[in-house]
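Those protein sequences? They're chains G and A, same order as listed. Residue numbering for the first sequence follows the numbering used here, starting at 5 and increasing by one per position. Residue numbering for the second sequence follows the numbering used here, starting at 2 and increasing by one per position. Each residue gets a CB set at the ideal place from its N, CA and C atoms; glycine is no exception.
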Amino acid sequence: SSELTQDSAVSVALGQTVTIRCQGDSLRTYSANWYQQKPGQAPVLLIYNKNIRPSGIPDRFSGSASGSTGSLTISGAQADDEADYYCNSRDSSASHVRIFGGGTRLTVL
Amino acid sequence: QVQLQESGPGLVQPSETLSLICSVSGGSTSYSRYHWAWIRQSPGKGLQWIANVLYNGNTYYNPSLKSRALASIDTSKNDFFLRLTSVTAADTAIYFCARGIGSGSYPFDNWGRGTLVTVSS
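Take a look at the structure:
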């Protein structure tokens with residue numbers, strides 16, 4: 005099956021912009037979804053269909069894609085954005101299979 | 002707003018079978034546009050998709066778990082289920098159930114809070 009690769013950790017200064025990337029061959033075919041997970045909580049869907057935010061998700065979160073890379077950008081990072089971020093997509097070698105990236109721990113300085 | 006709630010034993014003996022239930026409220030498991038998923042997270046680790054089950058009972062599995070996992074659904078009760086056989090310590094994890102959208106980028110848009118399952122004698 006295919007894999008999605010994410011940087012294990014990223015940091016950003018309060019109020020600055022940060023981009024978290026997800027790389028994998030499946031993303032040439034399928035869009036990435038992005039989730040935020042805080043300690044002790046379930047993941048929350050942030051972005052789907054490339055750049056759609058579910059109701060209630062702040063507009064400082066945005067998504068984009070290029071080739072085999074999907075990106076999540078947080079514009080004006082807040083302290084509350086400190087969390088783990090996961091990408092996921094369908095597996096291009098088996099479309100019914102779902103795959104997740106390993107997650108990126110975001111620290112807001 | 003749909004809500005999902007996992008239930009099951011917190012402790013399972015090695016080599017035994019893990020059985021979980023996800024109870025869905027505020028929405029119907031009979032709608033064809035949704036997939037119903039099991040996802041787990043080992044302590045301190047990332048997310049691993051286990052299986053999807055559809056309203057009609059069709060199932061799809063993570064190839065690495067396919068030989069041991071069995072997902073099913075009871076739309077009359079609005080519940081879906083996971084059985085995982087021959088468990089080992091490596092199956093210790095928080096198990097989440099989630100609703101998946103069956104179109105577009107196929108996101109998981111609603112999640113249960115998760116239930117911790119420990120495999121230990």
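Within 7 Å of the CB of Ala46/G, the CB atoms of chain A belong to Phe97, Trp112, Gly113, Arg114 and Gly115, in sequence order along the chain.
The beta carbon of Ser24/A sits closer than 6 Å to the beta carbons of Gln6 and Asp80 from its chain, once the five residues preceding and following it are set aside; these are given in chain order. Between the segment 54–68 of chain A and the segment 95–108 of chain G, the count of C-beta pairs closer than 8 Å reaches three or more; the two stretches touch.
Chain G places no beta carbon closer than 8 Å to that of Asn57/A, leaving this residue out of the contacts. Around Ser30/G, no beta-carbon contact reaches into chain A at under 8 Å, the shortest distance being about 11 Å. Closest in alpha carbon position to Asn92/G, among Gln82/G, Leu110/G, Gly60/G and Ser72/G, is Ser72/G. The segment 88–102 of chain A makes no contact with the segment 15–23 of chain G: fewer than 3 CB pairs, one atom from each, lie closer than 8 Å. Pairing Ile22/A with Ala87/G, the inter-Cα distance amounts to about 28 Å. Using a Cβ-Cβ cut-off of 8 Å, Pro44/A does not count as an interface residue toward chain G, since no Cβ of chain G sits closer than that to its own. Shown here, Ala83/G sits in a helix according to DSSP, grouped into three states. Under DSSP, Ser24/A shares a beta bridge with Gln6/A and Asp80/A. DSSP, reduced to helix, strand and coil, places Ser59/G outside both helices and strands of the structure shown, so it counts as coil.
Taking one beta carbon from each stretch, the segment 39–54 of chain A and the segment 67–77 of chain A have 3 or more pairs nearer than 8 Å; the two touch. Under the three-state reduction of DSSP output, Arg32/G falls in the helix class.
Taking a cut-off of 8 Å on C-beta distances, the segment 6–18 of chain A does not touch the segment 52–64 of chain G, as fewer than three cross pairs fall below it.
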